[in-house]
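A.B. asks: Protein chains in written order, with this note's numbering: chain C, 7 to 187; chain D, 260 to 426; chain B, 1029 to 1368.
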Amino acid sequence: MSIFKKIFFIDFIKGLSLTLGYEVSKSVTMRYPDEEKWAPYQRFRGLHTLNRDAQGRELCVACELCAKACPTKCITVVPMEDDKGIGISDRIAKVYEINLVRCMFCGLCEDACPTTAIRMGRDYELACFSLDCAAADKKRLLAPREIPQEFEGGYVVMARLERNKEGINIKPDLTRKKRWW
Amino acid sequence: MEQIFFYIFAIATVASAIAVISLRNPVHSAISLMVCFLQVAALFILLRSPFLAAVQVFIYVGAVVVLFLFAVMVLDLGKERFGEYLHHQRPIALVVVIGFVFVMGFTILHGSLDAQLGNYTEKALVKNTEIMGKLLFTKYVFPFEVVSLLLLIALIGAIVLAMKEKR
Amino acid sequence: MDINTLIEVALIIVKVIFVSLILFTLPIPLTWIERKVAGHIQVRLGPFRVGPHGILQPVADMIKLMFKEDIAPEKADKWLFRFAPLFAMIPAFAVYAAIPFGDKITIPIINKEVTLYISDMNVGILYILAVGGISVYGIILGGWASNSKYALLGGIRSSAQMISYEIALTFSCIGVVMTSNSLSLLDIVKFQSGTILGFIPNWNIIYQPIGFVIFFIAALAEINRIPFDLPEDEGSLAAGYHVEYSAMKFSFFMLTEYVAMVTASVLAVILFFGGWDAPLFMPEIPIFWFVAKVGFFIYLFMWIRFTLPRYRYDQLMSIGWKILLPLSLLNILITGLFLL
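(1) Within the same chain, show all residues whose beta-carbon is closer than 6 Å to that of Y1165(B), passing over the 5 residues directly before and after it, in chain order.
(2) Just the C-alpha distance for I1216(B) and K423(D), rounded to the nearest angstrom, thanks.
(3) In the structure shown, what three-state DSSP assignment does I1135(B) receive?
(4) Mapping DSSP to helix, strand and coil, what is A165(C)?
(5) So, helix, strand or coil for Y102(C), using DSSP?
(6) Check whether chain B comes within 8 Å of L305(D), counting only Cβ atoms and requiring the distance to be less than that.
(7) Quick one: what does DSSP say T55(C) is sitting in, helix, strand or coil?
(8) What's the gap between the Cα of E152(C) and the Cα of I1056(B)?
(9) Can you find a C-beta in chain E that's less than 8 Å from the C-beta of L1299(B)?
(10) Which chain C residues are close to L1073(B), counting only those with a beta carbon under 8 Å from its beta carbon?
(11) Can you name the residues of chain D whose CB is closer than 8 Å to the CB of A1188(B)?
(12) For V325(D) versus M1117(B), is the C-beta distance shorter than 8 Å?
(13) How would you label F1281(B), buried or exposed, when you count the other beta carbons within 10 angstroms and need 16 or more for buried?
(14) Beta-carbon of I1234(B) versus every beta-carbon of chain D: anything under 8 Å?
(15) Short of 8 Å in beta carbon distance, which residues of its chain neighbour L1039(B), apart from the five on each side in sequence? Order them along the chain.
(16) Under 8 Å Cβ to Cβ from E1260(B), same chain only, skipping five residues before and after it: list those, please.
(17) Spatial neighbours of Y102(C) within its chain, please: C-beta separation below 6 Å, excluding the five flanking residues on both sides.
(18) Please classify I94(C): does DSSP put it in a helix, a strand, or coil?
(19) Count the other CB atoms, across all protein chains shown, that sit within 10 Å of the CB of W1375(B); report buried if there are 16 or more and exposed otherwise.
(20) Measure from the alpha carbon of F15(C) to the alpha carbon of each residue in W1060(B), S1208(B), I1238(B), then state which is nearest.
(21) Between F135(C), L180(C), Y47(C), which lies nearest to K171(C) when the distance is taken from Cα to Cα?
(22) Determine whether the beta carbon atoms of F1334(B) and V1065(B) lie at a separation below 8 Å.
(23) Are A45(C) and P150(C) touching if we call contact CB-CB under 8 Å?
(24) DSSP state of I1254(B), grouped into three classes?
(25) Grab me the residues of Y47(C)'s own chain with a C-beta within less than 6 Å of its C-beta, minus the 5 sequence neighbours each way, in chain order.
(26) Contact between the region 1140–1155 of chain B and the region 1217–1225 of chain B: three or more CB pairs below 8 Å?
(27) Under the rule that 16 or more other beta-carbon atoms within 10 Å means buried, what is W1107(B), buried or exposed?
(28) Just how far apart, CA to CA, sit G1082(B) and I124(C)?
(29) Since W44(C) sits in a beta bridge, which residues does DSSP pair it with?
(30) Does the beta carbon of Y1165(B) sit closer than 8 Å to a beta carbon anywhere in chain D?
(31) Between the region 401–423 of chain D and chain B, which residues of the former have a C-beta closer than 9 Å to a C-beta of the latter?
(32) When you compare the CB of L71(C) with every CB in chain B, is at least one pair closer than 8 Å?
(33) Less than 8 Å between the beta carbons of F157(C) and L180(C), yes or no?
(34) Thinking C-beta only, is V1287(B) closer than 8 Å to F1121(B)?
(35) In the DSSP assignment, what are the bridge partners of R125(C)?
(36) Helix, strand or coil, according to DSSP, for V70(C) in the structure here?
Now the structure itself:
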């Protein structure tokens, strides 16, 4: 039997057919910056978001519990009085800044927040050319995200690579899902 | 036309042959040897013998000189190891060379080196390989067998020399 | 010289230029195909970003190779280092002087018959094997001239490997020469036309299966493709003989490798698969079947490259000397007995 195997190169042919099978199978490559992007699960801990309630008021009451809970002390909160109804109470954050270089994305701020104002978002493209972007200020944290909170996530969506002066932006198209692998 | 080619190849042959013995670096010598063999192959083609030319390239250029290079590289014969090993042989060598050149020149000028033309026309020589094969196995079968036996003996001798004695 | 000879000479020059242009540009699609095949076998995509499906990737690579700094090691043998890539490249191209791509076609407008080969040598197969063998000098000399350990080891390995496998390669061709009674490639192909029993193509693979297996394995070793690519073994020799080469000199080595791969495929097709002979009553189209068969073999070489691991050096030697060489001698003997 083994001599038969040797003469007719049975193992060799088996190996070739295996690789041929892989050759015609679908590839696992995610064409990330160009056409596809991974939309993370809701539990993902990316760049933080500051949320608003249904009326569009800021949920943050500047209680500074997140800053206290933060193990790396990367959150700076400066409270101020406000009666224009920007926030849900008369106390809002004048400054809310997260130092992303120090932040380790543990999510303890999220747990500490009594009003669910701060949430870990799903943005993970945080690289940039200068240190300016290393500190996320209130404006950036409040801005609406490309992947909204309710979006289920956990699969690849089609995306478009956009280049402009500020850099590269990968715009996901959340309606076009694609099962990955 | 053919004369011009002949002189080009002949000069290249002689020049590379001189380079083989005069270059100090063994690898350069081996390359000159290869060039020399290639020119000889070209001369064979001019003599309407493409089979011999191909075999020349195949055996000598493709195998023998490669083995030379292999040996030179494995043994790492540097320039210094290749120094003067001539012990007072120069006068004798000179005499022999001058004598050889004299005899050669004499016979060439005398016209007694002319070989008799074979009975093959140029058209018949297209089947050159077939003719040679047939001749080797009919007319020249005895020398052919002797040569192959000699090669076999040399082969066995090389194996015996290279084999270590088993305890 | 009359006008007809002039036309013939001009035709030969045109053919030579045409063939060498094709050979020079051949690595451009071949590298792309090879990388794509590699990618898909490894369940990835391969080059994808330059042009649609990465089709312009080899062009980008070529531009990069052209403008890279050409570095020569300080202690290298300058002349040999410079000429070694040419030593490798010229024989690889010269082989195509004897390769027939088809029989004859008539160019429609001027109504002139053109042969699809540069020359029909009566010792074609010997010429190809001999000249193809010279290519190894580039590898050996390049390895030696670089004055680097890895390059030298690559060169030495290459020379030993080439001598070991050239014998088996030639002997496997002898079987074909014996059955078709000619050394000319054109005659070998013509001998293979027609069918047996009305439908099986009359190709040499039917008569010489052992010969083909030996030829294929030995050819893999001769052109340094993967199970036998020890001269450029990335695992143990960094990159083997071309470690010290960069820019255009390196690309010459790459070019040689791809041209050698095409040569091996062409030889396999001509010797064992009937050249341009169409299989199974398919219509006879000039060059098409030839190119299709050669393409299949090129794909096979790539396919094998990403299927098999590399042999060890002692395994390589024992396969060459203890298996292939006796088998090829046996093949000659069996062929001889059948012919009697």
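Glycine included, C-beta positions come from ideal geometry on N, C-alpha and C.
These numbers come from a predicted model, not from an experiment.
C.D. replies: Taking the structure as given:
(1) Within the third sequence, numbered from 1, the residue matching residue 1165(B) stands at position 137. Only F1115 meet the Cβ criterion.
(2) What you label residue 1216(B) is simply residue 188 of the third sequence in a count that begins at 1. What you label residue 423(D) is simply residue 164 of the second sequence in a count that begins at 1. Spanning the two alpha carbons is a distance of roughly 46 Å.
(3) Start at 1 with the first residue of the third sequence, and residue 1135(B) comes out as number 107. In the three-state reduction of the DSSP assignment, I1135(B) falls in the strand class.
(4) Residue 165(C) sits at position 159 when you count from the first residue of the first sequence. Strand.
(5) Numbered from 1 along the first sequence, position 96 holds the residue referred to as residue 102(C). If DSSP states are grouped into helix, strand and coil, Y102(C) belongs with the strands.
(6) Taking the second sequence and counting its residues from 1, the one referred to as residue 305(D) is at position 46. No - not a single Cβ of chain B is within 8 Å of the one on L305(D).
(7) Here residue 55(C) is taken as the residue at index 49 of the first sequence, counted from 1. DSSP places T55(C) in strand when its eight states are reduced to three.
(8) Counting from one through the first sequence, the residue named residue 152(C) turns up at place 146. Counting from one through the third sequence, the residue named residue 1056(B) turns up at place 28. Rounded to the nearest angstrom, the two C-alpha atoms are 41 Å apart.
(9) Absence of chain E from the displayed structure is noted, the protein chains being C, D and B.
(10) Position 45 of the third sequence, counted from the start, is the residue given in the question as residue 1073(B). Residues of chain C passing the Cβ test: S33, T35, R37.
(11) Taking the third sequence and counting its residues from 1, the one referred to as residue 1188(B) is at position 160. Near A1188(B) (Cβ distances below 8 Å), the residues of chain D are F329.
(12) Along the second sequence, read from residue 1 onward, the residue named residue 325(D) stands at position 66. Along the third sequence, read from residue 1 onward, the residue named residue 1117(B) stands at position 89. No, the pair does not count as a contact, with Cβ atoms beyond the cut-off.
(13) The residue given as residue 1281(B) occupies position 253 in the third sequence. F1281(B) comes out buried.
(14) Counted from its first residue, the third sequence places residue 1234(B) at position 206. Taking Cβ atoms only, chain D never reaches closer than 8 Å to I1234(B), which makes this a no.
(15) If you number the third sequence from 1, residue 1039(B) lands on position 11. Contacts found: V1142.
(16) Here residue 1260(B) corresponds to residue number 232 of the third sequence, with the count starting at 1. G1182, N1252, A1267, G1268, Y1269, H1270.
(17) As a working note, residue 102(C) is residue 96 in the first sequence. Only V83, K144 meet the Cβ criterion.
(18) Taking the first residue of the first sequence as 1, we reach residue 94(C) at position 88. DSSP places I94(C) in coil when its eight states are reduced to three.
(19) This structure gives no information on residue 1375(B), because the portion of chain B shown stretches from 1029 to 1368.
(20) If you number the first sequence from 1, residue 15(C) lands on position 9. When each option's Cα is compared against that of F15(C), the closest is I1238(B).
(21) As a first step, residue 171(C) must be located in the first sequence, where it is residue number 165. Of the listed residues, the one whose Cα sits closest to K171(C) is F135(C).
(22) Taking the first residue of the third sequence as 1, we reach residue 1334(B) at position 306. Taking the first residue of the third sequence as 1, we reach residue 1065(B) at position 37. Yes.
(23) As a first step, residue 45(C) must be located in the first sequence, where it is residue number 39. As a first step, residue 150(C) must be located in the first sequence, where it is residue number 144. Going by C-beta atoms, A45(C) is not nearer than 8 Å to P150(C).
(24) The count along the third sequence starts at 1 and reaches residue 1254(B) at position 226. Here I1254(B) sits in helix by DSSP.
(25) Locating residue 47(C) in the first sequence gives position 41, counting from the first residue. Excluding sequence positions up to five before and after Y47(C), its CB lies within less than 6 Å of the CB of G159, G160, all in the same chain and listed in chain order.
(26) no
(27) As a first step, residue 1107(B) is located in the third sequence; it is residue number 79 there, counting from the start. Per the 10 Å Cβ criterion, exposed.
(28) Position 54 of the third sequence holds residue 1082(B). Position 118 of the first sequence holds residue 124(C). Roughly 43 Å between the two C-alpha positions.
(29) Residue 44(C) sits at position 38 when you count from the first residue of the first sequence. W44(C) pairs with V162(C).
(30) Looking up residue 1165(B) in the third sequence gives position 137. Interface residue, yes.
(31) Of all residues in the region 401–423 of chain D, none has a C-beta nearer than 9 Å to a C-beta of chain B.
(32) Within the first sequence, residue 71(C) is the residue found at index 65, counting from 1. No, because no Cβ of chain B sits closer than 8 Å to the Cβ of L71(C).
(33) Mapped onto the first sequence, residue 157(C) falls at position 151. Mapped onto the first sequence, residue 180(C) falls at position 174. Contact flag set, yes.
(34) Counting from one through the third sequence, the residue named residue 1121(B) turns up at place 93. Counting from one through the third sequence, the residue named residue 1287(B) turns up at place 259. The answer is yes: Cβ separation under 8 Å.
(35) Translated into positions along the first sequence, residue 125(C) becomes position 119. Looking at the DSSP assignment, R125(C) forms a beta bridge with T55(C).
(36) Walking along the first sequence from the start, residue 70(C) turns up at place 64. Rather than Val, the amino acid found at residue 70(C) in this sequence is Glu. In the structure shown, E70(C) sits in coil (DSSP, three-state: anything other than H, G, I, E or B).
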